[in-house]
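Residue numbers (mature numbering (1 follows the signal peptide of the UniProt record, and there is no 0)): -28 to -1, 1 to 605.
For glycine and all other residues, C-beta sits at the position ideal for the given N, C-alpha and C.
Bear in mind that the values here come from a model prediction, so they are computed numbers and not experimental data.
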C-alpha cells in the first residue's frame, strides 16, 4: 500500500482519537509495552500540551510478531512536550542493520512504522533511539529516548537432531529398563516457551517383534530396553525417533537409529568329554600334560567365547595350572611344581570352565551350573639308574696285601622309590685284582697285590643294577693304587777313603723285584758335580766320583723309573770313611781323628771324651757316632 501524507490536522485528529479510546502510553519499560499494548495514560495528553514545558517524552508501542507479512504498519508513536514551544521534527536510529530501513518515524508527528517481516530467531529485539529537533535549525531539543522493541515469537521452527541417522552398538547383556543412548533435538524458537520445548517419541521399529524392544523417554530422550535382547532372533534393528515441540501447530522432525546388538555370553562352554586320563613321571615340572577341549556357541574370538579354566579340587599342593590356548580355546593342563611319588600315586582333579565374560541372565533367570571335567593323573615312578657316591673311589694299598682282604664298600644309591634292591658286579678288571659282593657292594682283594711296574694305578669299573623294568645300570670307578712296600735300592753306601774314583756298585734291596729289574733306569737328580752313573746291568748300578772327596756323609738324590714312565725319587746316603784294614770303615778314627781336633778346642775334646766314658760305664753296649768334618785343605 502506498504511503499517505498526513497533515498536522490529521495528526491532531489521531491524537484526539487515541485520547478518546484511552490508547495513550506514557514513559515506561518495555515490559509494560509487552503486557498492556496501547493502554490509557493517567494524565490526559491535551492537558500536558498546555502545561509548562518540562521536555518529557511520551511513547506508545504495540508488540511486533515475527515473520508478519507487512509492507508498512503503524506500531506506535513518540512525543516530547517540547513540541508545545514550537514546531519540531523527530528522527530515528536503529542499531541493527542501520542501512536497512526496517523502522521509520513520521518527522512531524512521531508516528513509528515497521516496513519488513522480522525473523525473531535472527533478531529477537531492536534497540531504537529517538531524538526531537527544532524544525527550523534542526537543533536537538532534548535528551534521546531509547526504546527496546521485542519481537514476539511464533512457532515457526521444528526441533532438529544433530544428524539424520545414528549408528549405535549395544551389549547383548543389557537388562530391561537399562538406558543405552540419549537422543537430543534442539528447537531454535524462543527459549522457555512451548514453542521450543521438545518431546520425543518412537514411531517405528524394524524388524517388528511381538513386544516393542525399545522405547524412548519423552522428556529426556533416553533410549531404553523394554525386555531381554534376543541376539539369535535379530542382531540389527532400525528405529525412527520423532522430536516435536509443544507450540501452537506443533512442528516436528524425524531421525533414524541403526542399533547393532553385540554378542553377549548367551551360552556356557562345554567340555567335549567328561573324563580324562594322564600319566606323569614323578619329579616332572614345567611340562604340559594334556589338552581339554570345549565347545561354545557364542561368537568365536570374543570374551563371550574365550574359555577360562579353574581347578576346583585336587590341586591343594599347587602342582597344576590350566592355561587357555588363545587360538584353539583349549585348556592346557600343566605341571608347575614337581610331583612326589608315594603310595597315593593317583591324583584326581576337577576342572571347571567358564567364559571371560560373565554368563548373561535375563531378569529373574536362574544361573545354570558350569560344566566340569574330571582328570585322573597317575604319577609314575620313573626308573633312574643307580648312582655311585662318590663316582670315583680312590683306594691306595701296599703291595703284598693278601687275597681275601676286604678293602672297602662301594655303594650305589637309587632315587626311585619303588626300586630298592641293587646288584653289584665287576664291570671291567682285566687283571682280576678285585671282587665285589653282589648284594652289599663289599670290595675284596682277589689275589695278592703285586706290581707289574714300579708304581701301579689300576682302573676298575663296578656296575650297580636295579630291579626296575627294564633294569638300569649305574657305573662307578675304583682307582686302585699299589705302592711299593720296600726301598728299591740299598739306602747306604760306604766308601773307604783313598780307594779311587770308582766304580762303586749300588745293589737292589728288594729280592722279589728281580722280574722287573731289567726294565728300571736310574738317573742322578742333583749331584753337585760330584758324581756320575754308568749303565746298570741286572741288579747293579755303578757310581763314580768326579773327584776325591774328603771324609763325610754325602746325600745322592736318584730318580728311578720303570718301563711305563712311572718314577720314584730315592736318596742314596754315601759315607766316605777311614778304613784301617782297607775294607771296612773304622768309626773310632772319626771320633779322635784330625778333622775333629782341628775344629774343636781342648775344652771341647775333653768334654766329649768324658761324656763317652760315662755312657760306656753306664751301658757298654752303647756306641755313639759323632760326625766327622771333612779335612781342611
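Whole-angstrom distance between residue j and residue i, CA atom to CA atom
{"i": "residue 110", "j": "residue 94", "result": "35 Å"}
{"i": "residue 229", "j": "residue 137", "result": "6 Å"}
{"i": "residue 39", "j": "residue 92", "result": "8 Å"}
{"i": "residue 475", "j": "residue 516", "result": "5 Å"}
{"i": "residue 266", "j": "residue 286", "result": "21 Å"}
{"i": "residue 182", "j": "residue 206", "result": "13 Å"}
{"i": "residue 300", "j": "residue 278", "result": "9 Å"}
{"i": "residue 253", "j": "residue 311", "result": "8 Å"}
{"i": "residue 243", "j": "residue 344", "result": "7 Å"}
{"i": "residue 627", "j": "residue 410", "result": "Outside the shown range of the chain, which is -28 to 605, sits residue 627, and nothing can be said about it."}
{"i": "residue 226", "j": "residue 212", "result": "7 Å"}
{"i": "residue 256", "j": "residue 374", "result": "49 Å"}
{"i": "residue 241", "j": "residue 202", "result": "19 Å"}
{"i": "residue 271", "j": "residue 262", "result": "26 Å"}
{"i": "residue 79", "j": "residue 50", "result": "10 Å"}
{"i": "residue 652", "j": "residue 551", "result": "Given a span of -28 to 605 for the chain in the structure shown, any question on residue 652 remains unanswerable."}
{"i": "residue 380", "j": "residue 366", "result": "10 Å"}
{"i": "residue 131", "j": "residue 125", "result": "15 Å"}
Short Cβ contact (8 Å threshold) for residue i with residue j
{"i": "residue 322", "j": "residue 342", "result": "no"}
{"i": "residue 171", "j": "residue 192", "result": "no"}
{"i": "residue 63", "j": "residue 103", "result": "yes"}
{"i": "residue 184", "j": "residue 165", "result": "no"}
{"i": "residue 47", "j": "residue 84", "result": "yes"}
{"i": "residue 236", "j": "residue 163", "result": "no"}
{"i": "residue 613", "j": "residue 369", "result": "The requested residue 613 is not part of the displayed model; the chain covers only -28 to 605."}
{"i": "residue 542", "j": "residue 530", "result": "yes"}
{"i": "residue 398", "j": "residue 408", "result": "yes"}
{"i": "residue 512", "j": "residue 477", "result": "yes"}
{"i": "residue 239", "j": "residue 280", "result": "no"}
{"i": "residue 353", "j": "residue 382", "result": "no"}
Residue i burial status per 10 Å Cβ neighbour count (16 or more: buried)
{"i": "residue 32", "result": "buried"}
{"i": "residue 396", "result": "buried"}
{"i": "residue 176", "result": "exposed"}
{"i": "residue 216", "result": "buried"}
{"i": "residue 363", "result": "exposed"}
{"i": "residue 155", "result": "buried"}
{"i": "residue 413", "result": "buried"}
{"i": "residue 554", "result": "exposed"}
{"i": "residue 45", "result": "exposed"}
{"i": "residue 527", "result": "exposed"}
{"i": "residue 55", "result": "buried"}
{"i": "residue 545", "result": "exposed"}
{"i": "residue 297", "result": "exposed"}
{"i": "residue 434", "result": "buried"}
{"i": "residue 61", "result": "buried"}
Contacts around residue i, its chain only, beta-carbon distance under 6 Å, and the 5 residues preceding and following it disregarded
{"i": "residue 502", "result": "518"}
{"i": "residue 173", "result": "214"}
{"i": "residue 329", "result": "237, 275, 276"}
{"i": "residue 112", "result": "103, 105"}
{"i": "residue 260", "result": "304, 306"}
Same chain only: Cβ atoms within 8 Å of residue i, ignoring 5 sequence neighbours per side
{"i": "residue 74", "result": "66, 68, 86, 87, 88, 90, 98"}
{"i": "residue 196", "result": "149, 150, 151, 152, 186, 187, 188, 189"}
{"i": "residue 318", "result": "348, 349, 350, 351"}
{"i": "residue 405", "result": "417, 418, 419, 421, 430, 432, 452"}
Own chain, CB closer than 7 Å to residue i, minus 5 neighbours either side, in chain order
{"i": "residue 333", "result": "339"}
{"i": "residue 129", "result": "93, 159, 160, 161, 223"}
{"i": "residue -20", "result": "Confidence at residue -20 is low in this model, with a pLDDT of 38, below 50, so the placement of that residue should be treated as unreliable; the coordinate-derived value is given next. Around residue -20: no qualifying Cβ."}
{"i": "residue 506", "result": "475, 514, 516"}
{"i": "residue 246", "result": "345, 346"}
DSSP-derived helix/strand/coil call for residue i
{"i": "residue 18", "result": "At residue 18, the pLDDT of 35 sits below 50, so the modelled position is not reliable; the number obtained from the coordinates is stated separately. Correct three-state label for residue 18: helix."}
{"i": "residue 74", "result": "coil"}
{"i": "residue 157", "result": "strand"}
{"i": "residue 53", "result": "helix"}
{"i": "residue 462", "result": "coil"}
{"i": "residue 164", "result": "coil"}
{"i": "residue 305", "result": "strand"}
{"i": "residue 503", "result": "strand"}
Minimum Cβ-Cβ distance from residue i to chain B less than 8 Å
{"i": "residue 199", "result": "This model lacks chain B altogether; it includes just one protein chain."}
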